[in-house]
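Asks: Protein chains in written order, with numbering that gives the first Met the number 0: chain A, 0 to 437; chain B, 0 to 469.
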Amino acid sequence: MVKDQEFLRKKSSYCLDLAKKLGATDSSVVVKNSVSETVNFRNKKLDEANRSDDLGISITTYIGKKKSSISSSNLLTDNLNILIEKCVETTKNTPEDEFNSLPDRDLLANEVKDLDLYDDSHIANDEKIDYLKKLEAAASNDKKIVNTESSFTQNKSNFVLANSEGFCDGYKTSSFTASSVTVAKDKKSMERDYEYSSKCFLKDLDDADELGKIAANQTIRKLSPKKIGSEKIAIIFDKRIAKGILSTFASAISSSAISRGTSFLKDKVNQKIFSDKINVFDEPDILKGLGSRNFDSEGVKTNTLKLVDQGILKHYLIDTYNGNKLNLKSNGRCGGTSNLYFENGNISFKDLLNSNSKSLYITETIGHGSNIVTGDYSVGATGFLIENGEFKYPINEITIAGNFKDMFQNITLANDLEFKYATNSPTMLIEGMVVAGK
Amino acid sequence: MSNFFEKSDLSRKEAESIISDTLQKCDDGELYLENSKAESILLDDNKIKNSSYNSDLGFGFRAISDEVVAYSHSNEISKNSLKQSSENLKSTLKSVKGTYNHEIPKSNKKYYDNINPIEQKSLNEKIKILNDVNDYLRSKGDKVKQVTANFLGEQKSVEIIRSGGETLSDVRPLVRFNVSVMVEKDGRKETGVYGVGGRQSYDSYLKDENWKSVCDEALRIASVNLESKPAPAGEMKVVLGPGWPAILIHEAVGHGLEGDFNRKKTSAFHNLMGQKVASEGVTIIDDGTIDKRRGSLTIDDEGTPTEKTVLIENGILKNFMQDRLNARLMKTRSTGSGRRENYRHIVLPRMRNTMMLSGKQTQEEMIKSVDKGIFAVSFGGGQVDITSGKFVFNCTEAYEIVDGKIGSPIKGATLIGDGPSILKEVSMVGNDMMMDPGIGTCGKAGQGVPVGVAQPSILIDKMTVGGTKL
Numbered sequence: 000m001v002k003d004q005e006f007l008r009k010k011s012s013y014c015l016d017l018a019k020k021l022g023a024t025d026s027s028v029v030v031k032n033s034v035s036e037t038v039n040f041r042n043k044k045l046d047e048a049n050r051s052d053d054l055g056i057s058i059t060t061y062i063g064k065k066k067s068s069i070s071s072s073n074l075l076t077d078n079l080n081i082l083i084e085k086c087v088e089t090t091k092n093t094p095e096d097e098f099n100s101l102p103d104r105d106l107l108a109n110e111v112k113d114l115d116l117y118d119d120s121h122i123a124n125d126e127k128i129d130y131l132k133k134l135e136a137a138a139s140n141d142k143k144i145v146n147t148e149s150s151f152t153q154n155k156s157n158f159v160l161a162n163s164e165g166f167c168d169g170y171k172t173s174s175f176t177a178s179s180v181t182v183a184k185d186k187k188s189m190e191r192d193y194e195y196s197s198k199c200f201l202k203d204l205d206d207a208d209e210l211g212k213i214a215a216n217q218t219i220r221k222l223s224p225k226k227i228g229s230e231k232i233a234i235i236f237d238k239r240i241a242k243g244i245l246s247t248f249a250s251a252i253s254s255s256a257i258s259r260g261t262s263f264l265k266d267k268v269n270q271k272i273f274s275d276k277i278n279v280f281d282e283p284d285i286l287k288g289l290g291s292r293n294f295d296s297e298g299v300k301t302n303t304l305k306l307v308d309q310g311i312l313k314h315y316l317i318d319t320y321n322g323n324k325l326n327l328k329s330n331g332r333c334g335g336t337s338n339l340y341f342e343n344g345n346i347s348f349k350d351l352l353n354s355n356s357k358s359l360y361i362t363e364t365i366g367h368g369s370n371i372v373t374g375d376y377s378v379g380a381t382g383f384l385i386e387n388g389e390f391k392y393p394i395n396e397i398t399i400a401g402n403f404k405d406m407f408q409n410i411t412l413a414n415d416l417e418f419k420y421a422t423n424s425p426t427m428l429i430e431g432m433v434v435a436g437k
Numbered sequence: 000m001s002n003f004f005e006k007s008d009l010s011r012k013e014a015e016s017i018i019s020d021t022l023q024k025c026d027d028g029e030l031y032l033e034n035s036k037a038e039s040i041l042l043d044d045n046k047i048k049n050s051s052y053n054s055d056l057g058f059g060f061r062a063i064s065d066e067v068v069a070y071s072h073s074n075e076i077s078k079n080s081l082k083q084s085s086e087n088l089k090s091t092l093k094s095v096k097g098t099y100n101h102e103i104p105k106s107n108k109k110y111y112d113n114i115n116p117i118e119q120k121s122l123n124e125k126i127k128i129l130n131d132v133n134d135y136l137r138s139k140g141d142k143v144k145q146v147t148a149n150f151l152g153e154q155k156s157v158e159i160i161r162s163g164g165e166t167l168s169d170v171r172p173l174v175r176f177n178v179s180v181m182v183e184k185d186g187r188k189e190t191g192v193y194g195v196g197g198r199q200s201y202d203s204y205l206k207d208e209n210w211k212s213v214c215d216e217a218l219r220i221a222s223v224n225l226e227s228k229p230a231p232a233g234e235m236k237v238v239l240g241p242g243w244p245a246i247l248i249h250e251a252v253g254h255g256l257e258g259d260f261n262r263k264k265t266s267a268f269h270n271l272m273g274q275k276v277a278s279e280g281v282t283i284i285d286d287g288t289i290d291k292r293r294g295s296l297t298i299d300d301e302g303t304p305t306e307k308t309v310l311i312e313n314g315i316l317k318n319f320m321q322d323r324l325n326a327r328l329m330k331t332r333s334t335g336s337g338r339r340e341n342y343r344h345i346v347l348p349r350m351r352n353t354m355m356l357s358g359k360q361t362q363e364e365m366i367k368s369v370d371k372g373i374f375a376v377s378f379g380g381g382q383v384d385i386t387s388g389k390f391v392f393n394c395t396e397a398y399e400i401v402d403g404k405i406g407s408p409i410k411g412a413t414l415i416g417d418g419p420s421i422l423k424e425v426s427m428v429g430n431d432m433m434m435d436p437g438i439g440t441c442g443k444a445g446q447g448v449p450v451g452v453a454q455p456s457i458l459i460d461k462m463t464v465g466g467t468k469l
C-alpha cells in the first residue's frame, strides 16, 4: 500500500522544523511514495513480474539568497538528521544568487480540487496476466508476427509538498498502463512497432484485444520497406510523432532557456511564430488528465494558459527562479507543462492525406536531432509514401530535416485530436521539409 | 564499504536465510544491495545555480525460474520489507523445479581504487574551479554569451548475496566534468560541449589547470559551428575521426550484439554468428577491464568479473555480450556484461567500453581518397532500432570533403545507416585508435549506465547524411 498523507506530512514537517533549527531562513521539502506492480509477457508466456516500492525525499534550504538541496531514499530519522545538517552546511558555503527565493505567498495554490486522478481499484497480477493473454493472442494472430512482448503496470503514488511559507499539500494519483510490442518478419525484412494505453482509471484502459491487434497491424504494414531518393517534400506526422514537436516547442519556451538566451524563441512573445490557425493550450484541470495537477512543483497554482493564440506566442513557461530573473511572475510551470495540446485544425485526416499529390507519412523518428538553440531539426525516420491520399509502401533509412522557425510557420493540423498522452497533437502536416535518402 | 545491516533490524544471517529459502529450486537469483552517494554542482549564467547531494539506499531481490524473472525492490532494508519481497517473488514463481547454479567465476583484479571522489575535493575548491572556468571562457571575447560547467561525482557501494550466503562486493567511484559554451555572432548562436571523466578523482583530470583544455575544446567546437553551412542531404562517403565517433560502433552493432535481443531473436544479428558482418580488418571488442575507464567494472551487477569480449574478429561475428540469464538460456557463459542502473532495475546485458581496434591506414589517406563526402569529428548522441537494424547519430562537428580536401564546416546533421551492413562499407581502418574522453551514458529499457567507446579513424563508403542541402 502506498503511504498515506499523514505519514508524508509528518516527515515533511520534521524536515522543515529541523532545517529552521539548524539555521535555514527558508526551506521546502517534497516527500513521495510510489508503488508499482508490473507483469511482462513474451510470446504468450509470463516473462517478468516486478514490484517496486519507492520512497523519496528532497529538501532545499535557503540562507538568505544562498541555496542548496539534497535528496535521499532513506527516510530514517538518523539519516535525515545527517543530510539536513549537510544541506545547511553546504548552503552556507554556496555563493549567493539574488534570484533565489521561494514562490510569492499569494501565488501559492489555496485550494486543491479533486481532479479525479486516483482510482482505488487494484488489479492483481493474475488479472493482469489474463489481460496480457488476451492481448498477446490478438497480437500474434498473423503468421508474420514472430515475437510479441507486452506489459501491464499499475502505479499508485502519493506525495506532499511543503515549504516554510506554510504551504503543505499533496494528493494521490494512479495510473494503469498496458503496452504491446510486436516483431514481424518476411523474407526481406524484420520490423517492430507498438501500441500503448495509459489511464488514471482502470476501467478506462483500452480493450486488450484491440490493443494487440493495432500493434500487430502497425508492425506488419512496415514490412519490406524501400528507401527513397533525397528531395523536398511535404511531411505528415502521425499523432505520436507530432506530439514530440509540441514538446520541443515547450522546451524552447521554458523560462530557463529564455533567461539563459539559449532558445530560438527568445523575445518572441507577442510575435507570430506559427501559421494563423494554430492555437496551443496548456490545461491543468482536465478531469482524469494524464498531465493534470493542482499546483506546480513549487506549490504555485496552475491555471489554463493559451500559449499560442492564432499563431502568436503569448506566454513563456515560468517558474519562480527564472521569473525573478526575467522580471515576470511565475505562471505555475516549474517542472514543465501539464496537459499540453494543439487545438484541432479544420480539415479531416483524409483531406490532410490528400492535400499534396505526394507526401511522406512518418510513424517513428530516431535520434536526438532537435536543437533548441538554433531551431535546427534532423532525425532518422520510418514511415510510408503517400500518393493521392493512399498509403503506397513503407519506407525507412531516411532522415528528415528542417528548421523549427520555418516548420512552425508551415503547419496544418487535422481535426483528430485525442487525449492519449499528457502532450497531444492532431495529425500534423508540414510543407517544405527535406528528406535525405538514396 | 557499506555495512548494509548496521542500522537495520535485519541481521546478515537472517537475510542469508531468507535468500536461500526463497531461491531454493530457482535457477538463479540474488539479493542486490546498493548504497550510493552523488553530488552535482552546476555553474550556469554566471552563477552557482545548483549544489545538490543525493544519498540512495535500497535493495533489489531477484528470483529466476527458467525464462521467468521475478523482481522486487524497496528502499527499506528491514526484516518486514525483505520478507514482503520474498513473498512477492514466491507468488510469481508458483511452481519452481530448477537447480540453483552456484557457480560464479572469481578474480582478484580491480580496475579502480576504493575512493570517494566527492570527499577528495572540498566544495569551495570545486566552486572556485567553476568560477574560474566561467571567467576564463568569458575573457575569450564578446562572442561568448553563455557558459555552463558542472561537476558530477559519485560513489556506489554494491553487495550481491547469493543463495548459500556467497557474497560479492564492489565500491565504484565515478566523476564527470562538463563545459558547455554558447557563442553568438551576427545574430547566429551555436553551442560547443566537451567533458572528461572516469573512475578516479576529479584531480586526475583537472590538475595543473587542465580544465582549461576542456574549455578550449568546447569553445573551439562552438566557434567552428558559427561558420557552418547547411549540411548536404543524401548518400555519400563519410570519414569518421578517432575516439568519440565510435558511438557509431555502439549504436550500429553494439546493441544488436547484446544477448537478450539475440536470445529473443529480435536483433538483426541473431542468425549471423560465425558469419562475415564487417570488412576484413575490422575487429571490435567490448572491454570492462581497462583501468579507471568510465565503462569499466571490477565485477558486473551479478558479481561476475568483467572481461575483454571479442565481438567481431577480422570481420567475423564471434560473440554476443551476456548476463547470467541469457547465457544460461543460450547455453554459453556470462561475459560479465550484466548491468543495471541501480537497485530499482533488473539486470540486462549491456556494453562496457566498446572499441574498434586500429588498422594500418592514416586519416590523411582516407580524406585524400574522397571526392565528395563529409568528415565527422564529434557527435552528440545516437539511437538504434535493433530489429530493423537502422541506426542514427548526430554530428556536432563535421566538415565537407571536396576533391580530397577538408572544406567548410557543416551544420549538425543526423547520419543514418543499417547496422548489419554498415561495417561492410568500411573500406579503410586508421592506425590512430583513441578512447573517448569519458562522458558517455547508454540508455536501454529506461536504464542509463556509464559506458565508453573507442575507435581509429575510419572511411565508410556509403552512408546517408541528413542535411537540408539537396
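Just so it is clear, CB atoms sit at the ideal spot from N, CA and C, and this is done for glycine as well. Quick caveat, the model's predicted, so the values are computed rather than measured.
1) Inspect the beta-carbon positions of Lys64 (chain A) and Lys91 (chain A) and report whether they are closer than 8 angstroms.
2) Indicate whether at least one CB of chain B lies closer than 8 angstroms to the CB of Gly366 (chain A).
3) Listed in chain order, which residues of the region 64–79 of chain B have Cβ atoms closer than 8 angstroms to some Cβ of chain A?
4) For Arg339 (chain B), decide whether its Cβ has a neighbour in chain A, counting only Cβ atoms nearer than 8 angstroms.
5) To be precise: take each residue of the region 386–410 of chain A, compare its Cβ to all Cβ atoms of chain B, and keep it if any distance is under 9 angstroms. Which residues remain?
6) If you draw a straight line from the alpha carbon of Lys404 (chain A) to that of Glu194 (chain A), how long is it in whole angstroms?
7) Give me the subset of the region 277–303 of chain A whose CB atoms are less than 7 angstroms from a CB atom of chain B, sorted by chain position.
8) Could you pull out every residue in the same chain whose Cβ sits closer than 6 angstroms to the Cβ of Ile252 (chain A), ignoring the five residues on either side in sequence?
9) In terms of alpha-carbon separation, which member of B:Glu208, B:Phe150, B:Ser266 lies closest to Ser51 (chain B)?
10) Put Val452 (chain B) into one of helix, strand or coil per three-state DSSP.
11) For Val132 (chain B), report the span of its beta strand (DSSP E) as first-last.
12) Could you give the DSSP three-state label for Ala375 (chain B): helix, strand or coil?
13) Excluding five sequence neighbours on each side, which residues of the same chain lie with their C-beta closer than 7 angstroms to the C-beta of Lys324 (chain A)?
14) Can a CB atom of chain A be found closer than 8 angstroms to the CB of Ala267 (chain B)?
15) Measuring only the C-alpha atoms, how far is Pro455 (chain B) from Leu356 (chain B)?
16) Measure the Cβ-Cβ separation of Ile298 (chain B) and Asp169 (chain B) and say whether it is below 8 angstroms.
17) Could you tell me how far apart the beta carbons of Asp322 (chain B) and Leu296 (chain B) are, in whole angstroms, since I believe they sit closer than 8 angstroms?
18) From the beta carbon of Lys46 (chain B), is the nearest beta carbon of chain E less than 8 angstroms away?
19) Taking the Cβ atom as the reference point for each residue, do Ile240 (chain A) and Thr422 (chain A) lie within a distance shorter than 8 angstroms?
20) Might you give, ordered along the chain, the residues of its own chain that have their beta carbon closer than 7 angstroms to the beta carbon of Lys118 (chain A), omitting 5 neighbours on each side?
21) So is Leu56 (chain B) in contact with chain A if we call contact Cβ pairs under 8 angstroms?
22) Report buried or exposed for Asn140 (chain A), applying the criterion of at least 16 other Cβ atoms within 10 angstroms of its Cβ.
23) Any beta carbon from chain A within less than 8 angstroms of Glu234 (chain B)'s own beta carbon?
24) With a floor of 3 residues, list each beta strand (DSSP E) that falls wholly inside the region 65–109 of chain A, ordered by position along the chain.
25) Which chain B residues sit within Cβ distance under 7 angstroms of Met189 (chain A)?
26) Quick one: using the 10 Å Cβ neighbour count with 16 as the cut-off for buried, is Arg50 (chain A) buried or exposed?
27) Is the closest heavy atom of the ligand HEM to the C-beta of Leu92 (chain B) under 7 angstroms?
28) Taking 8 angstroms as the CB-CB limit, is Ile220 (chain B) close to chain A?
29) Which term fits Leu218 (chain B), buried or exposed, when burial requires 16 or more other beta carbons within 10 angstroms of its beta carbon?
30) Which stretch, first to last residue, makes up the alpha helix (DSSP H) that contains Gln153 (chain A)?
31) Are the CB atoms of Ser33 (chain A) and Asn154 (chain A) within a distance shorter than 8 angstroms?
32) Below 8 angstroms, can you find three or more Cβ-Cβ pairs linking the region 203–212 of chain A to the region 184–193 of chain A?
33) Expressed to the nearest angstrom, what Euclidean distance is found between the alpha-carbon atoms of Leu160 (chain A) and Leu30 (chain B)?
34) Are the region 116–134 of chain B and the region 17–32 of chain B touching by the rule of at least three beta carbon pairs closer than 8 angstroms?
35) With DSSP run on the structure shown, which of helix, strand or coil describes Gly258 (chain B)?
36) Which first and last residues belong to the beta strand (DSSP E) in which Asn34 (chain B) is found?
Replies: Let me spell this out:
1) no
2) yes
3) Glu66, Val67, Val68, Ala69, Tyr70, Ser71, His72, Ser73, Asn74, Glu75
4) no
5) Asn395, Glu396, Ile397, Thr398, Ile399, Ala400, Gly401, Asn402
6) 31 angstroms
7) none
8) Leu264, Tyr315, Leu316
9) B:Phe150
10) strand
11) No beta strand (DSSP E) contains Val132 (chain B), which is instead part of the alpha helix (DSSP H) from 122–137.
12) strand
13) Phe98, Ser258
14) yes
15) 7 angstroms
16) yes
17) Not quite, the Cβ-Cβ distance comes to about 13 angstroms (not below 8 angstroms), so this is no contact.
18) Annotation note: the requested chain E is absent from the structure, which comprises protein chains A and B.
19) no
20) For the record, residue 118 (chain A) in the displayed sequence is Asp; it is not Lys. Only Ser173, Cys199, Phe200, Leu201 meet the Cβ criterion.
21) yes
22) exposed
23) yes
24) 65–71
25) Ala267, Thr386, Ser387
26) buried
27) For the ligand HEM, the structure offers nothing, since it holds no ligand at all.
28) no
29) buried
30) Premise fails: Gln153 (chain A) lies in the beta strand (DSSP E), 144–162, not in any alpha helix (DSSP H).
31) yes
32) no
33) 33 angstroms
34) no
35) helix
36) 27–43
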